[in-house]
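Shown next, in structure tokens, is the structure this report addresses.
In this note's numbering, the protein residues as written are 117 to 214.
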């Protein structure tokens, strides 16, 4: 009996949600859900369009920024104690002394 398994080509492949990377799909679904809560079919279509546009923009930013772009952006542009336990806060740019 032959069994079929999905074997990733590399160990760094991201988790997938259908054909999208999981984080891209989450951006799309957030747009759809937020607009769907407003209650009409037109808002659902607006949510699909805005979610798709946001997911494509996010995917382009992620591709241009390289691996770990989102983590680096969270560290530098938000209060770092919200997300990370780091020895140095992100707002400290230079250290004097040793």
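Glycine included, C-beta positions come from ideal geometry on N, C-alpha and C. If you're wondering where the values come from, they're calculated on a predicted model, not measured in any experiment.
| Query | Result |
| --- | --- |
| Residue 143 vs residue 180 beta-carbon contact at 7 angstroms | no |
| Beta-carbon proximity list for residue 136, same chain, < 8 angstroms, skipping 5 on both sides | 144 and 171 |
| Sequence-distant residues of its chain with Cβ nearer than 8 angstroms to residue 168 (five each side left out) | 144 and 147 |
| Counterpart residues of residue 136 in DSSP-defined beta bridges | 133 |
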